[in-house]
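In the working numbering, the protein residues as written are 3 to 397.
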């Protein structure tokens, strides 16, 4: 668990507002012949991680859990550790945020109540081994229904995106599942704790994938091509028209002067149109947003952060309404498709994996070439080829 300090841009794709809490959750099954620890001395000899302090752990010869905290985090405390019906719960607190590490073995069932009551702000993360279509399973089981009832009773929010890869890749069935879940609590206005979850790539010798939960306000930064572009919205069109009228009279309307004409248009545009690119582009970010962000860094006032987010939301909503109202599908659908690509979360259009192999393409052409030919067309084609051949020989 990591709690970095506030900065203007702490990640390559986000601008963080206030301190951020990063939680890594991983089931390391099969990482060695003897993964689990049966007692504290066994864990201390094999479970040391450089740069981290062991907060608490549960012990079992077949399964167990442990919570570690980075050494540079000093303001944390261990609240409780319990192991009831083979379901382990480890609760710690970092500053004002409670974190509960949950592990339920696949063969165990939730007791009643499923999980204890939680207070805001709290993050509940771990391996739940419960099936429900709310987090990507085809069928529901009793454990999944118990978790759903607990969610409704405690009014917690599930961090889950159906587009993400599964947290567990079955080596036997070659299919993804989601036994690892993350929940956050809501405040008095039913607003969930600002958080997002990301599933990382496969971990060596484990069917579980690492999961990172980022807690805190993060404003996404849009990728931009590092290439200067014309900003026509801020162009001085009146000055541009005047300069063109003054200079074009010196160029005769002859084809030989086309290069001079193009050079004159470009040089005039450089003087009247702003040109460049934004290194850190945030849609909806304005002078007001910049002032609010500077004020928040000076005061760390929660109300200022809320005002900043509301200003971004309003600016993006107004721009969206204007874009849709000005879109004309009767003339061209190019702008519509371009807009769909921009709002699609899958931005790697050029990096899509194509399942079609070259040999499949060749085999398809061969199959089509073996199609039954019409006899009349074949006879007519042969006759025309003989006629043309004889004509060429005569010439």
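Yeah, the Cβ is synthetic: ideal placement off N, Cα and C, and Gly gets one too.
Take residue 146 and list the residues in its own chain whose beta-carbon comes closer than 6 Å to its own, dropping the five residues that flank it on each side.
132, 133, 134
Helix, strand or coil for residue 255? Go by DSSP, reduced to three states.
coil
State the DSSP-derived secondary structure class of residue 105, mapped to helix, strand or coil.
strand
Rounding to the nearest angstrom, what Cα-Cα distance links residue 286 and residue 154 in this structure?
Straight-line spacing of the CA atoms in residue 286 and residue 154 works out to 34 Å.
Along the chain, which unbroken stretches of the beta strand (DSSP E) at least 3 residues long are found entirely within the region 146-188?
182-186
Should the region 256-264 be called in touch with the region 233-242, which here means at least 3 C-beta pairs below 8 Å?
no
Can you tell me whether DSSP reads residue 127 as helix, strand or coil?
strand
Whose CA, out of 99, 117, 255, 143, lies closest to the CA of residue 189?
99
Beta-carbon gap between residue 194 and residue 201 smaller than 9 Å
no
If we ignore side chains and look at the alpha-carbon of each, how far apart do residue 85 and residue 161 end up?
25 Å
Does DSSP put residue 360 in a helix, a strand or coil?
helix
Quick check: what's the CA-CA separation for residue 167 versus residue 140?
15 Å
Integer-rounded CB distance, given that residue 83 should sit under 8 Å from residue 92:
Residue 92 to residue 83, Cβ: 5 Å. Contact.
Residue 303: buried (16+ other C-beta within 10 angstroms of its C-beta) or exposed?
exposed
Evaluate residue 226 with the Cβ neighbour count: other Cβ atoms within 10 Å of its Cβ, from every protein chain shown; 16 or more gives buried, anything less gives exposed.
exposed
Alpha carbon of residue 26 to alpha carbon of residue 240, nearest angstrom
56 Å
Tell me whether the beta-carbon of residue 228 lies closer than 9 Å to the beta-carbon of residue 283.
no
Check whether residue 231 and residue 277 have beta carbons under 9 Å apart
yes
For residue 110, three-class secondary structure by DSSP:
coil
Cβ pair residue 221, residue 19 closer than 9 Å:
Yes, the Cβ-Cβ distance between residue 221 and residue 19 is below 9 Å.
Contiguous alpha helix (DSSP H) assignments of at least 4 residues, all confined to the region 265-351
289-301, 304-327, 336-345
Residue range of the alpha helix (DSSP H) that includes residue 249
239-250
Within this structure, are the beta carbons of residue 67 and residue 116 separated by less than 9 Å?
no
In terms of alpha-carbon separation, which member of 170, 367, 316, 101 lies closest to residue 31?
Checked all of 170, 367, 316, 101; the closest Cα to residue 31 is 170.
To the nearest angstrom, how far is it from the Cα of residue 217 to the Cα of residue 326?
33 Å
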